[in-house]
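Read through the structure below, which is laid out as structure tokens, and then see the notes.
Residue numbers (this note's numbering): 1 to 339.
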């Protein structure tokens, strides 16, 4: 599989990793949807599933080349390179646009999810009472999650490890947003903003010869939190991949229908027209976290008025749909070229 990849294929795989990493950062959007639509979802799950006893035996015996080939190492390396680059580049751009043009960012992703639903559904023909039931359950769970109230921030390392396991599900289960789950768990800002920024700032300082970060207790704490979160994420990736590989092999139709349901349900989270609702004390003042930031309680969704901003937002929804259709067209063309 690796030998057939051209330089162009490898470059596009890194770009897909960029897209997957960016999607994972946005609450309500699932990186797994990117993998599904871009056509590498099953290879992604298969490759992660290869991280097993045999792989560790090869690694501990010093057979690094065999280990690398066994786990489809080039594919994973290119994909995760794109994700890592994304966290320190595209993710920061996304943070800016979410702060300054939030409506249009949500609209773009809303359109991309609609396009994804079309893409996954158009080739799925195995509709029966079982798959329809699975679809319904997926929709209900997806919508229900969007109405849960977030918890308080918690930097206990065991809880952070569990956050890593749970949040990474968005990469393996399309429609299940890991970043939104982190909001519900109260640790989105801590794990995907503060900790990532702390790592970025630390690298920047060390490159310039400044090692004062070692004496910075807050920075050290955040780096420790990020390390534990990463370990939890890796554990979750490998664990979920084994489970998903099994269900995809034995219950593919039901699993696909559930995934479509999750994605439909996630539209409630990504609905562009919403106001952020913050937690308050009994006296009406805002409840603040350890950094003095207002704590999100949930989102208040509403039907927009017809004005220029709404028309622009609808335009971005259409652009989002067209992006997914363009990816589908490119994928079909690539398959025909290889044939």
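Beta carbons: idealized from backbone N, C-alpha and C, even for Gly.
Check: List, from N- to C-terminal side, the alpha helix (DSSP H) runs of 4 residues or more that fit wholly inside the segment 68 to 145.; Outcome: 73 to 88, 90 to 100 and 102 to 122
Check: Whose C-alpha, out of 76, 54, 304 and 77, is nearest the C-alpha of residue 66?; Outcome: 54
Check: If you reduce the DSSP assignment to three classes, tell me which class residue 10 lands in.; Outcome: helix
Check: Report yes if the CB atom of residue 173 is closer than 8 Å to the CB atom of residue 262, and no otherwise.; Outcome: yes
Check: Can you have a look at residue 272 and say buried or exposed, based on whether 16 or more other CB atoms are within 10 angstroms of its CB?; Outcome: buried
Check: Check the C-beta distance from residue 87 over to residue 21 and give it rounded, since I have them as a contact under 8 Å.; Outcome: 6 Å
Check: Assuming residue 75 contacts residue 157 (C-beta within less than 8 Å), just tell me the rounded distance between them.; Outcome: No, residue 75 and residue 157 are not in contact; Cβ-Cβ is about 32 Å, not under 8 Å.
Check: My output table needs one value for residue 50: the three-state DSSP class, helix, strand or coil.; Outcome: coil
Check: My assumption, with CB atoms under 8 Å, is that residue 115 sits in contact with residue 316. Please give the rounded CB distance.; Outcome: About 12 Å separates the two Cβ atoms, so there is no contact after all.
Check: By the three-class DSSP mapping on this structure, what secondary structure does residue 64 have?; Outcome: helix
Check: Measuring CB to CB, does residue 82 end up less than 8 Å from residue 165?; Outcome: no
Check: With distance defined between alpha-carbon atoms, name the residue in 240, 326, 138 and 253 nearest to residue 45.; Outcome: 240
Check: On the criterion of 16 or more Cβ atoms from any shown chain inside 10 Å, does residue 260 qualify as buried, or is it exposed?; Outcome: buried
Check: Distance check for residue 227 and residue 258, CA to CA, integer angstroms please.; Outcome: 32 Å
Check: Assuming the contact rule is C-beta atoms closer than 8 Å, residue 264 and residue 132 should be a hit. Round their C-beta distance to whole Å, please.; Outcome: In fact, because the Cβ distance is near 13 Å, the residues do not count as touching under 8 Å.
Check: Please look up how many angstroms separate the CB atoms of residue 195 and residue 251, rounded, as I've assumed it's under 8 Å.; Outcome: Actually they do not touch by this definition, with Cβ atoms about 36 Å apart.
Check: Could you spell out the range, first to last residue, of the alpha helix (DSSP H) harbouring residue 235?; Outcome: 217 to 250
Check: Distance check for residue 322 and residue 313, CA to CA, integer angstroms please.; Outcome: 14 Å
Check: Kindly identify the DSSP beta-bridge partner or partners of residue 340.; Outcome: Nothing about residue 340 can be read from this structure; the chain reaches only from 1 to 339.
Check: Can the beta-carbon of residue 80 be found less than 8 Å from the beta-carbon of residue 138?; Outcome: no
Check: Which term fits residue 38, buried or exposed, when burial requires 16 or more other beta carbons within 10 angstroms of its beta carbon?; Outcome: buried
Check: Please work out which residues of its chain come closer than 6 Å, Cβ to Cβ, to residue 275, disregarding the five sequence neighbours upstream and downstream, and give them in chain order.; Outcome: 300
Check: To the nearest angstrom, how far is the alpha carbon of residue 72 from that of residue 43?; Outcome: 9 Å
Check: Are the segment 191 to 205 and the segment 214 to 227 touching by the rule of at least three beta carbon pairs closer than 8 Å?; Outcome: yes
Check: Roughly how many angstroms separate the alpha carbons of residue 31 and residue 208, rounded to a whole number?; Outcome: 34 Å
Check: What's the call for residue 64, buried or exposed, on a 16-neighbour Cβ count within 10 Å?; Outcome: exposed
Check: Based on the DSSP secondary-structure assignment, which residues constitute the bridge partners of residue 299?; Outcome: 276
Check: From the DSSP output, in three-state form, read off residue 211 for me.; Outcome: coil
Check: Considering only the alpha carbon of each residue, which of 329, 145, 283 and 35 lies closest to residue 171?; Outcome: 35
Check: May I have the straight-line CA-CA distance separating residue 56 from residue 49, to the nearest angstrom?; Outcome: 12 Å
Check: Is it the case that the Cβ atoms of residue 270 and residue 106 are separated by a distance below 8 Å?; Outcome: yes
Check: Per DSSP, what kind of secondary structure is residue 283 in: helix, strand or coil?; Outcome: coil
Check: If you run the structure through DSSP and keep just helix, strand and coil, what is residue 313?; Outcome: helix
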